[in-house]
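Below you'll find the structure, written out as C-alpha coordinates, and then a few comments.
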Amino acid sequence: MTFDLLPPWLEWANSVFLITAGVVAGIYFMKMYGPWRGIIYSLIIIVVSIYVEHLGVKYNFLFGAYHYTENFGLKIADTPITIGFAWLLIIGCSHELARVLSKGWSRWASRFIFVLSGALAAVTMDLILDPVSFKVKEYWIWEDPGFYYDIPFSNFFGWFVLAAFFHLIFLFIHRDLEGRNVHPWPGRMVLTFGLIIFLFICIAFTGQLYGAIVFVSALTLLWYGLYFWRRSNVSPRT
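So in my numbering, the last one in the sequence shown is 254, and the numbering has no gaps at all.
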(Lines of atoms letter the chains of each structure in order from A and count residues from 1; the text may use other names and numbers.)
(Lines give C-alpha, C1' and ligand atoms only; values in the text may rest on other atoms or scores of the structure.)
Protein backbone atom coordinates (compact mmCIF):
# COMPACT_ATOMS: atom_id res chain seq x y z
CA MET A 1 0.00 0.00 0.00
CA THR A 2 2.80 2.44 0.86
CA PHE A 3 4.71 1.97 -2.41
CA ASP A 4 1.63 1.41 -4.59
CA LEU A 5 2.62 -2.18 -5.32
CA LEU A 6 -0.89 -3.55 -4.84
CA PRO A 7 -2.18 -4.75 -8.24
CA PRO A 8 -5.56 -3.35 -9.36
CA TRP A 9 -7.23 -6.75 -9.18
CA LEU A 10 -6.32 -6.93 -5.47
CA GLU A 11 -7.80 -3.56 -4.44
CA TRP A 12 -10.56 -5.40 -2.59
CA ALA A 13 -7.92 -6.48 -0.05
CA ASN A 14 -7.95 -2.97 1.44
CA SER A 15 -11.56 -3.47 2.51
CA VAL A 16 -10.85 -6.94 3.85
CA PHE A 17 -8.01 -5.53 5.96
CA LEU A 18 -10.23 -2.89 7.56
CA ILE A 19 -13.08 -5.33 8.14
CA THR A 20 -10.68 -7.79 9.80
CA ALA A 21 -9.23 -5.02 11.97
CA GLY A 22 -12.76 -4.06 13.00
CA VAL A 23 -13.46 -7.67 13.98
CA VAL A 24 -10.39 -7.55 16.23
CA ALA A 25 -11.90 -4.55 18.02
CA GLY A 26 -15.17 -6.47 18.37
CA ILE A 27 -13.31 -9.37 19.99
CA TYR A 28 -11.68 -6.88 22.36
CA PHE A 29 -15.11 -5.65 23.50
CA MET A 30 -16.33 -9.24 23.92
CA LYS A 31 -13.29 -10.23 25.98
CA MET A 32 -13.47 -7.14 28.17
CA TYR A 33 -17.22 -6.90 28.79
CA GLY A 34 -18.66 -10.31 27.99
CA PRO A 35 -19.84 -11.82 24.68
CA TRP A 36 -23.34 -10.34 24.55
CA ARG A 37 -22.42 -6.81 25.60
CA GLY A 38 -19.45 -6.90 23.22
CA ILE A 39 -21.56 -8.10 20.29
CA ILE A 40 -24.40 -5.65 20.96
CA TYR A 41 -22.05 -2.70 21.33
CA SER A 42 -20.12 -3.67 18.18
CA LEU A 43 -23.32 -3.98 16.17
CA ILE A 44 -24.50 -0.58 17.41
CA ILE A 45 -21.26 1.00 16.22
CA ILE A 46 -21.39 -0.69 12.81
CA VAL A 47 -25.07 -0.03 12.09
CA VAL A 48 -25.22 3.53 13.43
CA SER A 49 -21.97 4.60 11.74
CA ILE A 50 -23.09 3.26 8.36
CA TYR A 51 -26.45 5.02 8.74
CA VAL A 52 -24.89 8.33 9.80
CA GLU A 53 -22.37 8.11 6.94
CA HIS A 54 -25.27 7.43 4.58
CA LEU A 55 -26.95 10.62 5.84
CA GLY A 56 -23.66 12.41 5.30
CA VAL A 57 -23.36 11.23 1.69
CA LYS A 58 -27.01 11.88 0.83
CA TYR A 59 -27.77 15.04 2.83
CA ASN A 60 -24.31 16.39 3.83
CA PHE A 61 -25.28 15.61 7.42
CA LEU A 62 -22.73 16.26 10.19
CA PHE A 63 -19.49 15.76 8.20
CA GLY A 64 -19.95 17.96 5.13
CA ALA A 65 -20.32 17.32 1.39
CA TYR A 66 -18.50 14.20 0.19
CA HIS A 67 -18.98 10.94 -1.68
CA TYR A 68 -17.30 7.55 -1.72
CA THR A 69 -15.51 6.17 -4.77
CA GLU A 70 -15.56 2.54 -5.93
CA ASN A 71 -12.20 1.88 -4.21
CA PHE A 72 -13.72 1.31 -0.78
CA GLY A 73 -15.64 -1.90 -1.33
CA LEU A 74 -19.26 -3.03 -1.46
CA LYS A 75 -21.82 -0.28 -0.79
CA ILE A 76 -25.26 -0.08 0.76
CA ALA A 77 -27.16 3.07 -0.27
CA ASP A 78 -23.94 4.72 -1.54
CA THR A 79 -22.15 3.92 1.74
CA PRO A 80 -19.44 1.20 1.96
CA ILE A 81 -20.01 -1.59 4.46
CA THR A 82 -16.32 -1.27 5.24
CA ILE A 83 -16.89 2.10 6.94
CA GLY A 84 -18.87 0.46 9.75
CA PHE A 85 -15.97 -1.86 10.59
CA ALA A 86 -13.50 1.03 10.28
CA TRP A 87 -15.52 2.90 12.91
CA LEU A 88 -15.55 -0.21 15.11
CA LEU A 89 -11.75 -0.35 14.87
CA ILE A 90 -11.38 3.33 15.74
CA ILE A 91 -13.77 3.17 18.69
CA GLY A 92 -12.03 0.04 19.99
CA CYS A 93 -8.66 1.81 19.99
CA SER A 94 -9.96 5.09 21.42
CA HIS A 95 -12.00 3.19 24.03
CA GLU A 96 -8.91 1.53 25.49
CA LEU A 97 -7.06 4.83 25.73
CA ALA A 98 -10.07 6.55 27.30
CA ARG A 99 -10.69 3.66 29.69
CA VAL A 100 -7.27 4.03 31.29
CA LEU A 101 -7.14 7.84 31.17
CA SER A 102 -10.49 8.07 32.99
CA LYS A 103 -9.36 5.95 35.96
CA GLY A 104 -8.79 7.43 39.37
CA TRP A 105 -11.24 10.34 39.18
CA SER A 106 -14.60 10.93 40.78
CA ARG A 107 -17.55 9.17 39.15
CA TRP A 108 -18.78 12.03 36.98
CA ALA A 109 -15.31 13.35 36.22
CA SER A 110 -14.29 9.86 35.15
CA ARG A 111 -17.21 9.58 32.75
CA PHE A 112 -16.61 13.05 31.32
CA ILE A 113 -12.92 12.29 30.74
CA PHE A 114 -13.84 8.93 29.21
CA VAL A 115 -16.17 10.48 26.62
CA LEU A 116 -13.95 13.50 25.91
CA SER A 117 -10.65 11.62 25.60
CA GLY A 118 -12.26 8.84 23.57
CA ALA A 119 -13.66 11.35 21.08
CA LEU A 120 -10.36 13.25 20.82
CA ALA A 121 -8.37 10.03 20.32
CA ALA A 122 -10.73 9.07 17.47
CA VAL A 123 -10.22 12.49 15.86
CA THR A 124 -6.46 12.03 16.19
CA MET A 125 -6.69 8.89 14.06
CA ASP A 126 -8.79 10.74 11.49
CA LEU A 127 -6.22 13.51 11.21
CA ILE A 128 -3.98 11.06 9.32
CA LEU A 129 -6.64 8.66 8.01
CA ASP A 130 -8.68 11.29 6.19
CA PRO A 131 -5.87 13.08 4.31
CA VAL A 132 -4.43 9.74 3.16
CA SER A 133 -7.80 8.31 2.15
CA PHE A 134 -8.68 11.50 0.26
CA LYS A 135 -5.41 12.76 -1.20
CA VAL A 136 -3.49 9.51 -1.74
CA LYS A 137 -5.96 6.60 -1.99
CA GLU A 138 -9.08 8.51 -3.10
CA TYR A 139 -11.44 6.30 -1.10
CA TRP A 140 -13.73 9.33 -0.83
CA ILE A 141 -13.83 12.81 -2.34
CA TRP A 142 -14.56 16.04 -0.48
CA GLU A 143 -16.68 18.39 -2.55
CA ASP A 144 -16.03 21.53 -0.48
CA PRO A 145 -12.51 22.81 0.30
CA GLY A 146 -11.27 22.97 3.87
CA PHE A 147 -8.40 24.26 5.97
CA TYR A 148 -6.69 20.88 6.50
CA TYR A 149 -5.62 19.24 3.23
CA ASP A 150 -8.84 20.49 1.63
CA ILE A 151 -10.91 18.68 4.28
CA PRO A 152 -13.58 20.87 5.92
CA PHE A 153 -13.63 21.48 9.66
CA SER A 154 -17.15 20.01 9.76
CA ASN A 155 -15.65 16.57 9.13
CA PHE A 156 -13.52 16.63 12.27
CA PHE A 157 -16.34 18.13 14.29
CA GLY A 158 -18.59 15.33 13.01
CA TRP A 159 -16.01 12.72 13.98
CA PHE A 160 -15.80 14.20 17.47
CA VAL A 161 -19.59 14.20 17.89
CA LEU A 162 -20.11 10.66 16.60
CA ALA A 163 -17.17 9.22 18.56
CA ALA A 164 -18.39 10.97 21.73
CA PHE A 165 -21.86 9.53 21.09
CA PHE A 166 -20.48 5.97 20.83
CA HIS A 167 -18.51 6.36 24.07
CA LEU A 168 -21.56 7.83 25.76
CA ILE A 169 -23.70 4.90 24.58
CA PHE A 170 -21.16 2.53 26.12
CA LEU A 171 -21.82 4.07 29.55
CA PHE A 172 -25.47 3.04 29.24
CA ILE A 173 -24.58 -0.50 28.20
CA HIS A 174 -21.82 -1.17 30.71
CA ARG A 175 -21.16 1.17 33.64
CA ASP A 176 -17.94 -0.48 34.84
CA LEU A 177 -15.10 0.99 32.76
CA GLU A 178 -12.63 -1.44 34.29
CA GLY A 179 -14.23 -4.45 32.60
CA ARG A 180 -12.69 -7.86 32.88
CA ASN A 181 -9.28 -6.49 31.87
CA VAL A 182 -8.49 -9.79 30.15
CA HIS A 183 -4.79 -9.98 29.32
CA PRO A 184 -3.50 -9.34 26.65
CA TRP A 185 -6.43 -7.56 24.96
CA PRO A 186 -5.96 -4.05 26.46
CA GLY A 187 -2.34 -4.11 25.31
CA ARG A 188 -3.35 -5.37 21.89
CA MET A 189 -5.80 -2.52 21.33
CA VAL A 190 -3.46 0.22 22.47
CA LEU A 191 -0.79 -1.29 20.18
CA THR A 192 -3.28 -1.39 17.31
CA PHE A 193 -3.90 2.34 17.82
CA GLY A 194 -0.26 3.05 17.06
CA LEU A 195 0.08 0.48 14.28
CA ILE A 196 -2.91 1.80 12.33
CA ILE A 197 -1.58 5.35 12.60
CA PHE A 198 1.89 4.13 11.57
CA LEU A 199 0.41 2.40 8.51
CA PHE A 200 -1.27 5.61 7.35
CA ILE A 201 1.85 7.65 8.15
CA CYS A 202 3.86 5.38 5.84
CA ILE A 203 1.33 5.92 3.05
CA ALA A 204 1.30 9.65 3.81
CA PHE A 205 5.00 9.81 2.90
CA THR A 206 4.19 8.78 -0.66
CA GLY A 207 1.65 11.60 -0.86
CA GLN A 208 4.08 14.10 0.71
CA LEU A 209 1.66 14.87 3.53
CA TYR A 210 4.50 15.88 5.81
CA GLY A 211 2.54 18.30 7.97
CA ALA A 212 0.00 15.61 8.86
CA ILE A 213 2.81 13.17 9.62
CA VAL A 214 4.51 15.50 12.09
CA PHE A 215 1.27 16.67 13.69
CA VAL A 216 -0.25 13.22 14.18
CA SER A 217 3.06 11.68 15.29
CA ALA A 218 3.31 14.28 18.07
CA LEU A 219 -0.30 13.67 19.14
CA THR A 220 0.21 9.91 19.12
CA LEU A 221 3.26 10.18 21.37
CA LEU A 222 1.22 12.40 23.70
CA TRP A 223 -1.59 9.80 23.88
CA TYR A 224 0.87 7.01 24.63
CA GLY A 225 2.60 9.10 27.27
CA LEU A 226 -0.69 9.85 29.03
CA TYR A 227 -1.87 6.24 28.72
CA PHE A 228 1.20 4.62 30.25
CA TRP A 229 1.48 7.33 32.90
CA ARG A 230 -2.09 6.75 34.05
CA ARG A 231 -1.75 2.98 33.81
CA SER A 232 1.32 2.96 36.03
CA ASN A 233 0.04 5.49 38.59
CA VAL A 234 -3.54 4.34 39.16
CA SER A 235 -4.42 1.06 40.84
CA PRO A 236 -6.26 -1.45 38.56
CA ARG A 237 -9.52 -1.33 40.54
CA THR A 238 -9.61 2.44 41.16
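Quick reminder that beta carbons are idealized off the backbone N, C-alpha and C, glycines included.
Within 8 Å, strictly: CB atoms of L136 and A37: Position 120 of the sequence shown, counted from the first residue, corresponds to residue 136. Position 21 of the sequence shown, counted from the first residue, corresponds to residue 37. Not a contact, by the Cβ cut-off of 8 Å.
Whether V206 touches K47 by CB criterion (8 Å): In the sequence shown, counting from the first residue as 1, residue 206 sits at position 190. In the sequence shown, counting from the first residue as 1, residue 47 sits at position 31. No.
Whether V152 touches A220 by CB criterion (8 Å): Numbered from 1 along the sequence shown, position 136 holds the residue referred to as residue 152. Numbered from 1 along the sequence shown, position 204 holds the residue referred to as residue 220. Result yes, Cβ atoms of V152 and A220 sit closer than 8 Å.
Three-state secondary structure (DSSP) of W175: For the purposes of this step, residue 175 is identified with residue 159 of the sequence shown, where counting begins at 1. Residue state, collapsed to three classes: helix.
C-beta atoms of W156 and Y84 nearer than 8 Å: The count along the sequence shown starts at 1 and reaches residue 156 at position 140. The count along the sequence shown starts at 1 and reaches residue 84 at position 68. Result yes, Cβ atoms of W156 and Y84 sit closer than 8 Å.
Own chain partners of S65 with C-beta closer than 6 Å, once the 5 adjacent residues on each side are dropped: In the sequence shown, the residue the question calls residue 65 occupies position 49. Spatial neighbours of S65 in its own chain (CB-CB distance under 6 Å, excluding positions within 5 residues in sequence) are listed in chain order as G100, W103.
Buried/exposed call for N249, threshold 16 Cβ in 10 Å: As a first step, residue 249 is located in the sequence shown; it is residue number 233 there, counting from the start. Result: exposed.
Proximity winner among H190, Q224, T236, relative to G54 (alpha-carbon distances): Here residue 54 corresponds to residue number 38 of the sequence shown, with the count starting at 1. Considering only alpha carbons, the answer is H190.
Supposed contact pair M141 and I185 - C-beta distance, whole angstroms, cut 8 Å: Sequence index remark: in the sequence shown, residue 185 carries index 169 (1-based). Sequence index remark: in the sequence shown, residue 141 carries index 125 (1-based). Rounded, the Cβ-Cβ distance is 19 Å, inconsistent with contact.
Straight-line Cα distance separating P202 from R123: Here residue 123 is taken as the residue at index 107 of the sequence shown, counted from 1. Here residue 202 is taken as the residue at index 186 of the sequence shown, counted from 1. If I take the Cα positions, the gap works out to 22 Å.
Beta-carbon contacts of K74 that lie in its chain and below 8 Å, excluding the five residues immediately before and after: Counted from its first residue, the sequence shown places residue 74 at position 58. Only A93, D94 meet the Cβ criterion.
Beta-bridge pairing of P96 - partner residues as DSSP gives them: Taking the sequence shown and counting its residues from 1, one reaches residue 96 at position 80. Residue pairing from DSSP places P96 in a beta bridge opposite K91.
Collapsed DSSP secondary structure at H190 in the structure displayed: Translated into positions along the sequence shown, residue 190 becomes position 174. In the structure shown, H190 sits in coil (DSSP, three-state: anything other than H, G, I, E or B).
Among H111, Y240, V148, nearest to L215 - alpha-carbon criterion: Locating residue 215 in the sequence shown gives position 199, counting from the first residue. Nearest of H111, Y240, V148 to L215, Cα basis: V148.
Sub-8 Å separation of S31 and G42 beta-carbons: By 1-based counting over the sequence shown, the position of residue 31 is 15. By 1-based counting over the sequence shown, the position of residue 42 is 26. Contact: no.
Counted within 10 angstroms of its Cβ, other Cβ atoms place L34 as buried (16 or more) or exposed: As a first step, residue 34 is located in the sequence shown; it is residue number 18 there, counting from the start. When all chains shown are included, L34 counts as buried.
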